[in-house]
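Participant: I am attaching a structure below and will ask some questions about it afterwards.
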Amino acid sequence: MTKVLVIDDERPILKMLDLYLSSEGYEVLTADNGEKALEIFEKQHPKLVLTDIKMPGMDGIEVLRKIKEMDSQVEVIVITGHGDMDTAINALKYGASDFIAKPLRDEVLMVSLERAKKKVAMSEQLQDYTENLELKAEQYKQELEKAQDEMIKAERLASIGETVASLAHCIKNISTGMGGGMYMVHSGIAKEKPDLIEEGWAMFQRNLERVSDLVLDLLRYARQKKPQRAPYGINEIVSEVVRSFERHAGDLTGSS
């Protein structure tokens, strides 16, 4: 049942409108002045208001303005005196949905109320659509963000896979180079050829430096910052290895 607030300072008219609109299926709320009408409106929240313009104290225009400030979706129909077009136009400027001139005719009143009721229904439907669209938009946004996160994770996994494959290939090449260098060193020692030992050792040293560079690159990637190089790392290791090979070479030479 649709609520309608009827406001008029003339009690006979107020009573007549109450009886008529109730018989037409409306739930009627009545007030004989503007102040009382606003109190009822705040408590009952009717979506239709029918108010007289000419009233002592707060007139219909002021009631219209205050109701629209509280709820812009409410449809307010104003009742004007015969020939009072200026007041009616002024009411429309403040958001009245329609105006009816006195003396009131039942069919005109019902057409105006039905039209206002349809506008309320359309407004509520539009609000529901808007809220549903906002809800769906938020759901789609969350789904897109989830899909985006999954894509980023997949890309990271793919990137890690490519990195591991590249790393394995690089390590294999370094290992082959170091093995080749050591083979040349051992061959040079066995054949007592210093040039072959030197060439093999140079190959081994180059690949050892590649290992150092690879480790530094991995640390830099993991820490997202440039690591500090130790001034003694590779050279000391190389010197120790050289001394070891020299001792080994001396032993072989002595034994021969």
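Using my numbering, the first residue of the sequence shown is number 223, and each one after it goes up by one.
Note that the Cβ used here is the ideal one computed from N, Cα and C, for glycine as well.
No experiment lies behind these values; they were computed from the predicted model shown.
#1: Could you name the residues that DSSP lists as bridge partners for threonine 273?
#2: Got a sec, what are the start and stop residues for the beta strand (DSSP E) leucine 251 sits in?
#3: What do you reckon, are the CB atoms on methionine 400 and leucine 418 nearer than 7 angstroms?
#4: Classify lysine 237 as helix, strand or coil using the three-state DSSP reduction.
#5: Can you find at least 3 beta carbon pairs, one from the region 306-319 and one from the region 243-261, that sit closer than 8 angstroms?
#6: Does lysine 269 pass the burial test, meaning 16 or more other C-beta atoms within 10 Å, or should it be called exposed?
#7: How about valine 226 and leucine 239: do their beta carbons lie closer than 7 angstroms?
#8: How is aspartate 320 classed by DSSP in three states: helix, strand or coil?
#9: What's the gap between the Cα of lysine 447 and the Cα of glutamine 295?
#10: CA-CA distance, lysine 324 and aspartate 281?
#11: Under DSSP, the alpha helix (DSSP H) around glycine 282 begins and ends at which residues?
#12: Would you mind listing the beta strand (DSSP E) stretches within the region 395-426 that are 3+ residues and don't spill past its ends, in chain order?
#13: If you reduce the DSSP assignment to three classes, tell me which class isoleucine 262 lands in.
#14: Using DSSP with H/G/I as helix, E/B as strand and the rest coil, what is threonine 224?
#15: For aspartate 350, name the three-state secondary structure that DSSP assigns.
#16: Out of Phe263, Ile262, Lys265, Gly256, point me to the one whose CA is closest to lysine 276's CA.
#17: If I follow the unbroken alpha helix (DSSP H) through leucine 314, where does it start and stop?
#18: With DSSP collapsed to three states, give me the class of glutamate 336.
#19: For aspartate 371, does the count of other Cβ atoms within 10 angstroms reach 16, so buried, or fall short, so exposed?
#20: Just verifying my parser: in three-state terms, what is the DSSP assignment at leucine 326?
Facilitator: Taking the geometry as given:
#1: What you label residue 273 is simply residue 51 of the sequence shown in a count that begins at 1. DSSP lists Ile229, Val300 as partners of threonine 273.
#2: Sequence index remark: in the sequence shown, residue 251 carries index 29 (1-based). It spans 249-253 - the beta strand (DSSP E) in which leucine 251 sits, taken as one unbroken run.
#3: Here residue 400 refers to the residue found at position 178 of the sequence shown. Here residue 418 refers to the residue found at position 196 of the sequence shown. In this structure, leucine 418 does not lie closer than 7 angstroms to methionine 400 by Cβ.
#4: Taking the first residue of the sequence shown as position 1, residue 237 is located at position 15. Residue state, collapsed to three classes: helix.
#5: no
#6: Numbered from 1 along the sequence shown, position 47 holds the residue referred to as residue 269. Flag for lysine 269 reads buried.
#7: In the sequence shown, residue 226 corresponds to position 4, counting from 1. In the sequence shown, residue 239 corresponds to position 17, counting from 1. Their beta carbons are not under 7 angstroms apart, which means valine 226 does not touch leucine 239 by this criterion.
#8: As a working note, residue 320 is residue 98 in the sequence shown. Residue state, collapsed to three classes: strand.
#9: Residue mapping note: residue 447 aligns to position 225 of the sequence shown, counting from 1. Residue mapping note: residue 295 aligns to position 73 of the sequence shown, counting from 1. Legend: pLDDT at lysine 447 = 45, less than 50; position of this residue unreliable, value from coordinates given subsequently. Taking the straight line joining both Cα atoms gives about 60 angstroms.
#10: In the sequence shown, the residue the question calls residue 324 occupies position 102. In the sequence shown, the residue the question calls residue 281 occupies position 59. Cα to Cα, the separation comes out at about 16 angstroms.
#11: In the sequence shown, the residue the question calls residue 282 occupies position 60. Looking at the DSSP string, the run of the alpha helix (DSSP H) that includes glycine 282 is 282-292.
#12: none
#13: Reading the sequence shown from its first residue, position 40 is the one you call residue 262. It is helical.
#14: Here residue 224 refers to the residue found at position 2 when the sequence shown is read from its first residue. Of the three classes helix, strand and coil, the one that applies to threonine 224 here is coil, per DSSP.
#15: For the purposes of this step, residue 350 is taken as the residue at position 128 of the sequence shown. Of the three classes helix, strand and coil, the one that applies to aspartate 350 here is helix, per DSSP.
#16: Here the question's residue 276 lines up with position 54 in the sequence shown. When each option's Cα is compared against that of lysine 276, the closest is Gly256.
#17: Working through the sequence shown from its first residue, we reach residue 314 at position 92. Start and end: 307-315.
#18: Along the sequence shown, one-based indexing puts residue 336 at 114. In this structure, glutamate 336 counts as helix in the three-state DSSP scheme.
#19: The residue given as residue 371 occupies position 149 in the sequence shown. The residue in question, aspartate 371, is exposed, as its Cβ has fewer than 16 Cβ neighbours within 10 Å.
#20: In the sequence shown, residue 326 corresponds to position 104, counting from 1. Three-state result, leucine 326: coil.
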